[in-house]
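A.B. asks: For the protein sequence lines, the chains are A and B, in the order given.
Counting in this note's numbering, the first sequence runs from 42 upward without gaps.
Counting in this note's numbering, the second sequence runs from 42 upward without gaps.
Where a beta carbon is used, it is the ideal one built from N, C-alpha and C, also for glycine.
All values reported here derive from a predicted model rather than from experimental measurement.
There are 2 protein chains.
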Amino acid sequence: MGDLELWEQKLRDKGIRWTRQRRIIIEVLLASTRPLSAQDIFAKLEGDYPKLRLSTVYRNLNSFKDNKIVRALNLNGNEQKFELINGHHHHHLICIKCDDILPLDCPLKEFESKLKDDTGYTILDHRMKIYGLCPNCKNH
Amino acid sequence: MGDLELWEQKLRDKGIRWTRQRRIIIEVLLASTRPLSAQDIFAKLEGDYPKLRLSTVYRNLNSFKDNKIVRALNLNGNEQKFELINGHHHHHLICIKCDDILPLDCPLKEFESKLKDDTGYTILDHRMKIYGLCPNCKNH
DNA sequence: TTGTTTTTGCAAATCATTTGCATTTGGTAA
DNA sequence: TTACCAAATGCAAATGATTTGCAAAAACAA
Ligand SMILES: [Mn+2]
Ligand SMILES: [Mn+2]
Ligand SMILES: [Zn+2]
Ligand SMILES: [Zn+2]
Numbered sequence: 042m043g044d045l046e047l048w049e050q051k052l053r054d055k056g057i058r059w060t061r062q063r064r065i066i067i068e069v070l071l072a073s074t075r076p077l078s079a080q081d082i083f084a085k086l087e088g089d090y091p092k093l094r095l096s097t098v099y100r101n102l103n104s105f106k107d108n109k110i111v112r113a114l115n116l117n118g119n120e121q122k123f124e125l126i127n128g129h130h131h132h133h134l135i136c137i138k139c140d141d142i143l144p145l146d147c148p149l150k151e152f153e154s155k156l157k158d159d160t161g162y163t164i165l166d167h168r169m170k171i172y173g174l175c176p177n178c179k180n181h
Numbered sequence: 042m043g044d045l046e047l048w049e050q051k052l053r054d055k056g057i058r059w060t061r062q063r064r065i066i067i068e069v070l071l072a073s074t075r076p077l078s079a080q081d082i083f084a085k086l087e088g089d090y091p092k093l094r095l096s097t098v099y100r101n102l103n104s105f106k107d108n109k110i111v112r113a114l115n116l117n118g119n120e121q122k123f124e125l126i127n128g129h130h131h132h133h134l135i136c137i138k139c140d141d142i143l144p145l146d147c148p149l150k151e152f153e154s155k156l157k158d159d160t161g162y163t164i165l166d167h168r169m170k171i172y173g174l175c176p177n178c179k180n181h
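#1: Alpha carbon to alpha carbon, how far is Ile57(A) from Thr163(A)? Give it in angstroms, no decimals.
#2: DSSP three-state label for Arg53(B), please.
#3: Do Glu124(A) and ligand 1 come close, with the Cβ less than 6 angstroms from some heavy atom?
#4: Can you list the residues of chain B that Asp89(A) reaches, using a CB-CB cut of under 9 angstroms?
#5: Which residue comes first and which comes last in the alpha helix (DSSP H) that contains Glu68(A)?
#6: Verify the contact flag: Pro26(B), CB atom, against every heavy atom of ligand 2, threshold strictly below 6 angstroms.
#7: So what does Asp146(A) bridge to, in DSSP terms?
#8: The alpha helix (DSSP H) spanning Leu86(A) covers which residue range?
#9: Which residues in the same chain have their Cβ closer than 6 angstroms to the Cβ of Arg63(B), if we skip the five residues on either side of it in sequence?
#10: To which residues does DSSP link His167(A) through a beta bridge?
#11: How far does the alpha helix (DSSP H) with Arg100(A) in it reach, from first residue to last?
#12: From Leu134(A) to His167(B), what does the alpha carbon distance come to, in whole angstroms?
#13: Short of 7 angstroms Cβ to Cβ, which residues in the segment 161-177 of chain A face chain B?
#14: Closer than 8 angstroms, Cβ to Cβ, to anything on chain B: give me those residues from the segment 132-155 of chain A, in chain order.
#15: Interface residues of chain A around Ala113(B) at Cβ under 9 angstroms?
#16: How long is the line joining the alpha carbons of His181(A) and Cys139(A), rounded to whole angstroms?
#17: Using a Cβ cut-off of 9 angstroms, pull out every chain B residue sitting near Gln121(A), in sequence order please.
#18: On the DSSP letters alone, give me the boundaries of the alpha helix (DSSP H) that Lys179(B) sits inside.
#19: Quick one, which of Ile66(A), Leu77(A) and Met169(A) has its alpha-carbon nearest Gln121(A)'s?
Shown next, in the form of C-alpha cells:
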C-alpha cells in the first residue's frame with residue numbers, strides 16, 4: 042500500500058470524505074520536502090485542475106488541521122505553511138537568505154516537564170523555529 | 042531619567058525623530074505587561090488622539106522593528122504582537138483559554154551552539170512559544 | 001526663523017483568509 | 001445499480017490585517 046492510500050485510509054477512518062481535491066492536495070504535500078502555503082499548493086494544481094479554487098484548498102487545509110492531518114506553521118510573518126503530520130515531531134531551521142529548510146529534533150521535552158512543575162500549567166503544544174544562514178549563503 | 046526618556050534617547054541615538062505619535066505608542070507598550078497588536082495600541086490611543094491613524098501605528102511599529110526597538114511575535118495565528126526589546130531575551134507561555142501570558146527564560150543556548158556545529162549554519166535568531174492551560178483554566 | 005527631510009493624516013489598495021449560497025459529489029442503504 | 005442526503009465544491013463577494021501614495025504638517029539642523 043502506497044503512501045497515498047495510507048493517507049486516504051487515515052482520512053476515511055476519521056470520517057472525512059475522500060474527494061478529488063483532497064487527494065490532489067495531499068499528493069502535493071506528500072511530494073514536498075518543505076511546508077507549503079495554500080497558495081503554493083494551489084499554484085501547483087491550477088494548471089491541471091482549472092476548476093479548483095483557492096478557497097477549496099483553504100477549506101481542506103483547515104479541515105485537515107482540525108483533524109490532525111496537517112500542522113500549520115508560521116515560518117515567516119505573513120502566511121501559514123502546512124505540512125503533513127507523519128508522527129515525527131520536529132521543528133525547523135530556516136536560512137533567511139535562500140529559504141532552505143532543515144528539520145530539527147525537538148529539544149524541549151525536559152524543559153516542558155520542568156515548566157509544568159514550575160508554573161502549574163498543563164502543557165499542550167509548542168512551536169520553535171530557528172533562523173540563520175546556511176553554509177552556502179554565509180559565504181555570499 | 043524615567044523609562045520614557047530612556048527610550049527617547051534610544052530612538053534619537055538611532056536617528057529616529059521623536060514625534061508625538063512615537064512617544065504615545067512607546068508609552069502604551071511600556072505600560073503593558075504583554076505583547077500588543079497594532080490594533081490594541083490604536084484602541085488605547087484613539088480616544089485621546091482622534092487624529093491618530095492605524096497606518097501610523099503600523100508604520101512606526103515596523104520602523105521600530107527594523108531598528109530593534111520592538112520585537113514582533115506571532116503568538117496566535119492571525120495578527121502580529123509587539124513588545125519593547127528591553128535586553129531580557131525571553132519566550133512566552135500562553136494559556137489558550139484565558140490568554141494569560143508568562144515570560145519564559147530561554148532554554149536554547151546550548152542547543153543553538155550544538156546546532157551550529159552540526160549543520161554549519163550561522164544561527165541568527167529564533168522563536169519559541171508554548172501553549173497550555175493555566176492553573177485556573179484547567180479546572181474549568 | 002528658515003529650509004530640508006521625515007512623518008503623518010487620510011483614503012484607497014493589497015494580501016491572506018473566510019464565508020454564503022446554489023450546485024455537485026461521495027458514501028450508503030435499499 | 002439507483003436513489004437519497006449530508007457534506008464538499010465552485011464561484012463571487014466579504015473580511016481583517018497590513019501596506020501604500022500623496023499632499024499637508026511636523027521635526028530638527030543650520
Ligand atoms: Mn517539517
Ligand atoms: Mn514578553
Ligand atoms: Zn541559504
Ligand atoms: Zn488560563
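C.D. replies: So, to answer that:
#1: 30 angstroms
#2: helix
#3: yes
#4: In chain order: nothing, as chain B lies at least about 30 angstroms away.
#5: Arg61 to Ala72
#6: No answer is possible for residue 26(B): the residues shown for chain B start at 42 and end at 181.
#7: His131(A)
#8: Ala79 to Leu86
#9: Asn101
#10: Ile171(B)
#11: Leu95 to Asp107
#12: 9 angstroms
#13: Gly161, Tyr162, Thr163, Ile164, Leu165, Asp166, His167, Arg168, Met169, Lys170, Ile171, Tyr172, Gly173, Leu174, Cys175 and Pro176
#14: Leu134, Cys136, Ile137, Leu143, Leu145, Pro148, Leu149, Phe152 and Glu153
#15: Gly118
#16: 11 angstroms
#17: Gly118
#18: Pro176 to Lys179
#19: Leu77(A)
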